[in-house]
Amino acid sequence: MVQLRPRASRAPASASAMVDEGQPASEEAEHGLLLGQPSSGAAAEPLEEDGDGDGDDEWDDEAPEELTFASAQAEAREEERRVRETARRDKTLLKEKRKRREELFIEQKKRKLLPDTVLEKLTAASQTDIKKSPGKLKEDNLQKKNEECEKGSESKKAKEKVQSIGQNKSYVALRLKDQDLRDSRQQAAKAFIQNSLYGPGTNRTTVNKFLSLNNKRLPVKKAAVQFLNNGWGTQKKQNAKRFKRRWMVRKMKTSKK
Amino acid sequence: MKGAVETSCALQTPSRPGRAQHPFSVLGFLTLKGDESGVSQARPLPFPRMGEFKVHRVRFFNYVPSGIRCVAYNNQSNRLAVSRTDGTVEIYNLSANYFQEKFFPGHESRTTEALCWAKGQRLFSAGLNGEIIEYDLQALNIKYSMDAFGGPIWSMAASPSGSQLLIGCEDGSVKLFQINPDKIQFERNFDRQKSRILSLSWHPSGTHIAAGSIDYISVFDVKSGSTTHKMLVDRQYMGVSKRKCIIWGVAFLSDGTVISVDSAGKVQFWDSATGTLVKTHLVANADVQSIAVSDQEDSFVVGTAEGTVFHFQLVSVTSNSSEKQWVRTKPFQHHTHDVRTVAHSPTALISGGTDTHLVIRPLMEKVEVKNYDAALRKITFPHRRLISCSKKRQLLLFQFSHHLDLWRLGSTVATGKHGDTLPLSKDADHLLHLKTKGPENIICSCVSPCGSWIAYSTASRFFLCRLNYEHDNISLHRVSKMPAFLRSAVQILFSEDSTKLFVASNQGSLHIIRLLEGSFKHLHTFQAQPGTVESMCLLAVSPDGNWLAASGTSAGVHVYNVKRLKLHCTVPAYNFPVTALAIAPKTNNLVIAHSDQQIFEYSIPDKQYTEWSRTIQKQGFHYLWLQRDTPITHISFHPKRPMHILLHDAYMFCIIDKSLPLPNDKTLLYNPLPPTNESDVIRRRTAHAFKISKRYKPLLFMDLLDERTLVAVERPLDDIIAQLPPPIKKKKFGT
């Protein structure tokens, strides 16, 4: 059997390398296997050797380069360590980024809320002011939304507002969370009734079609109630108008000449 | 003697629904030929012609009423409470010719889902915002609103004794409230159900209730609050369906039968003692959305989504057997869209729905006297004026629920003969679109005769704005600080010279405010007696500015002296509410129109009824005049002809000529102009004081702009229907 010179290509090389130089490397391979080296290490070695011994015809003269197992192991370990290092660095980078973002958000939130002094005064004022006339209730309900918007935005004017809030006992402090819950339930209810009356599965038709049914059954058939669709082709009509104007102008110019 | 209104011309103004959005006003030429000789008088004086008018026909008022959501009938006072989808609650007095006497304005967040009367004429409503609201019928405002903490409220029922209130909520809970004299108080919760409670009904003894939900009906025992039976409803009549079956209405009869109507089109009878189905009637292909049982429990009415209303009656099986069964007797098709609510009064069936009509159908077998009162009543157009007019500048102010529109009328230079349509040389101008702040609806609005002030009011605020006209531009400036007592107004009126503002507030008081260049000054307030408010106040001021008339209380129409700021006299009370009020220019005669179509003329300086008024009351009005359906909403006068009164209702306008003889029941009321070859004698016989024209209808407003011009604001019914939500598809053979 002719021993072909091993090529430097990848996949077939590895196979042939395994076949050809399995014998000299077999001892290291055995060691490798015992030590739990990944099998690619055994395959990698012959490839490296291929590179070395590419232009060599003396592959049967010289013994292949001896790479000790320890060095290969060390190299592999280096590889791994490098990979682990990069992963760790990436993770820490991400962590730092996230931390910075959180801090930013907290700061923004702090800026949005009123300072603690104002909140204290609010709770004190609401405790003292229990009695409210029914007539004012309606006003309060109406002004609820205004109050919420105001509270959310101003923090600089808080100081001036503090005194006025304490004395003027005609507003209501609301938790926005409750309002959201109530609104969402109302939305759900409205969606339910809309769906059950006009949703899919209901047999609804347009008012135009409904009113035109009679026209269809007359002895002299008439057109539908809303026969013209004025919304059709608005862009086309606009373009046509513009073109007409330009054409007229051009016509005037040429006729003048 | 030619005393007639020409209606035989060929004026055809095509109603083009597609162009309803574009403003156009067509000037029609209407000739009212007057009498040539005064036959009724001894002296042969030449009588002035009534003259020819140019008529501005306005169709660009895009008025769309909101659909009716709930109806509640009160037997003791024969009143009907109607709530609409925008939150407005209206009270109709069924014995006063079905006139809308009071209303509570709507609110954007209030979508009422249930309305009921309780003991002592108290009105409650509940809606999707989760609150129970009680209405104060005397002060015309909301007494209080209480949050039920159950989420959106879908149904509410008052106990047969009237002292307890039951509500069904979104989260499946049924809550019981105790009605105290001043407020309602939460008592307890019943067993919580899985899905939302959409309908409730009390057993007449008050021991059990039936609650309809999605796919099932539960029967509760009131004492313990627990369910005794749970009846599962088929999704489709003898079939399978993916869509859930929604029980839109339940009714509990005293023999223990529960009647349910659902979205599959079935009316089912259940036995509540055993929890089983007794009978099923399939009445429609679409939802059956409402049910109402009469007090005697021998008939009930259901309304479907196709617009049909079915009447079921308890009839005996054979003519002399005692066994009875429920039979579907009469179908009524008066609606085009969903009938979302029905009510059963002792003599009539009442229905209302998405097509905004309120239909009252008296049942022939229950009505005692078979006269015109037993005819079908369909209430479509508002019973109050939504339009005000500034004559000097030819402006019209349209009131919508959340904004106001100010238009200037177009003009023409052409002339023509009777019946012509004149082309416009200048189109009508949309000057101003004024949106109100806040979620509340506008109650009333007015523009001053000179056109420089606009005032309008919601339930909690009053707005006064000043308009400046420079050349063709208009600028608006709001007067910012309104006084504290001027909160909400029921009626607003400016004096003829635009220097004074008269405001009737909902507490019954009347304020007079003097308007200055950029501000105002409060002059006086007239307080009303508490507890006497009968209907919404209407105001009228005399053109010379001396007298102010105010109606709405049970004492009658009060006339105040504006210069001396005190009460001048009171017109004696009449048992029907006032629908329109006006004071004539020179004679200062107060003309009052009531809801039973009676018209009175009261002389303010003399403090007594005028001669003409006594004559017509003695003779009585023509029977066709008294049989008109719609109330008179506006009265005005001709500046140069003191004998003429111009008034209109939704389907006709009329000029009353006080100098002509009154018609008796035998004469023709709507007499067209007889052909010219008729002899004079016949013409003389048919002429009378009421010159009626039905050319412009449906009329929302009609007024005299100047001596030769009229303005008529029409609202064709097709234009309203074109903007309603989609109806159920109907399959007709051949289409």
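First to last, the protein sequences are chains A and B.
Counting from 747, one number per residue, gives the positions in the first sequence under the working numbering.
Counting from 179, one number per residue, gives the positions in the second sequence under the working numbering.
For every residue, glycine included, the Cβ atom is placed at its ideal position computed from N, Cα and C.
Bear in mind the structure is a predicted one, so any value in this text is a computation, not a measurement.
Minimum Cβ-Cβ distance from residue i to chain A less than 7 Å
i	result
Gly912 of chain B	yes
Glu309 of chain B	no
Leu902 of chain B	yes
Ile395 of chain B	no
Pro905 of chain B	yes
Length of the line joining the Cα atoms of residue i and residue j
i	j	result
Val756 of chain B	Leu344 of chain B	37 Å
Ser379 of chain B	Trp504 of chain B	19 Å
Glu821 of chain A	Glu811 of chain A	16 Å
Phe239 of chain B	His386 of chain B	51 Å
Gly778 of chain A	Leu840 of chain A	At Gly778 of chain A the pLDDT is 44, less than 50, meaning the model places this residue with poor confidence and gives no usable figure here.
Lys422 of chain B	Thr710 of chain B	50 Å
Lys907 of chain B	Gly417 of chain B	21 Å
Leu431 of chain B	Ser383 of chain B	10 Å
Ser255 of chain B	Ala292 of chain B	20 Å
Gln170 of chain B	Leu883 of chain B	Since the first residue shown for chain B is 179 and the last is 913, residue 170 of chain B is missing from the structure and cannot be characterised.
Ser676 of chain B	Ser566 of chain B	14 Å
Val966 of chain A	Thr913 of chain B	14 Å
Val918 of chain A	Arg288 of chain B	20 Å
Ala771 of chain B	Pro783 of chain B	20 Å
Pro330 of chain B	Arg374 of chain B	9 Å
Leu315 of chain B	Asn684 of chain B	10 Å
Ala553 of chain B	Ala828 of chain B	18 Å
Gln474 of chain B	Glu546 of chain B	17 Å
Pro524 of chain B	Lys544 of chain B	7 Å
Chain-order list of residues whose beta-carbon lies under 6 Å from that of residue i (same chain, five-residue window excluded)
i	result
Val275 of chain B	A quick correction: the sequence has Asn, not Val, at residue 275 of chain B. Here the set comprises Ser773, Asp774.
Leu664 of chain B	Phe640
Ala429 of chain B	Ser379, Ile437, Ile469, Val471
Gly734 of chain B	Thr748, Val749, Pro750, Ala751
Tyr241 of chain B	Arg893
Thr435 of chain B	Phe447
Cys643 of chain B	Ile632, Leu654, Arg656
Lys321 of chain B	Glu312, Asp314
Arg237 of chain B	Glu892
Listed by chain order, chain B residues near residue i by CB distance under 9 Å
i	result
Lys936 of chain A	Thr289, Leu306, Pro330
Lys962 of chain A	Lys910, Gly912, Thr913
Cβ shell of residue i (< 8 Å), same chain only, five flanking positions each side left out
i	result
Pro508 of chain B	Sequence inspection shows Lys at residue 508 of chain B; the Pro mentioned does not correspond to that position. Taken in chain order, the residues that qualify are Phe488, His489.
Thr788 of chain B	Asn767, Glu779, Tyr780, Ser781
Gly977 of chain A	none
Cβ of residue i within 7 Å of any chain B Cβ
i	result
Val953 of chain A	yes
Ser1001 of chain A	no
Ser942 of chain A	yes
Arg950 of chain A	yes
Residues that residue i contacts on chain A, provided the C-beta gap is smaller than 7 Å
i	result
Glu348 of chain B	Arg931, Ala935
Ala464 of chain B	Asn949
Within chain B, the residues that residue i reaches when beta carbons sit closer than 8 Å
i	result
Gly947 of chain A	Lys420, Arg421
Cross-chain neighbours of residue i in chain A, by beta carbon under 8 Å
i	result
Ile424 of chain B	Ser942
Ile899 of chain B	Val953, Leu957
Ser377 of chain B	In chain order: nothing, as chain A lies at least about 13 Å away.
Ser441 of chain B	Ser942
Contacts that residue i makes with chain A (C-beta to C-beta distance below 9 Å)
i	result
Thr514 of chain B	Val953, Phe956, Leu957
Close-in-space but distant-in-sequence residues of the same chain around residue i (CB under 7 Å, 5 per side omitted)
i	result
Glu618 of chain B	Pro283, His285, Thr636, Ala637, Ser638
Listed by chain order, chain B residues near residue i by CB distance under 7 Å
i	result
Arg921 of chain A	The premise fails here: Arg921 of chain A is roughly 14 Å from chain B at the closest Cβ pair, so nothing lies under 7 Å.
Discussion item. Does the segment 576 to 588 of chain B come into contact with the segment 529 to 541 of chain B, if we say contact requires no fewer than three beta-carbon pairs (one atom in each stretch) closer than 8 Å?
Written reply: no
Worksheet item: On the three-pair Cβ rule with 8 Å, is the segment 737 to 748 of chain B touching the segment 259 to 270 of chain B?
Response: no
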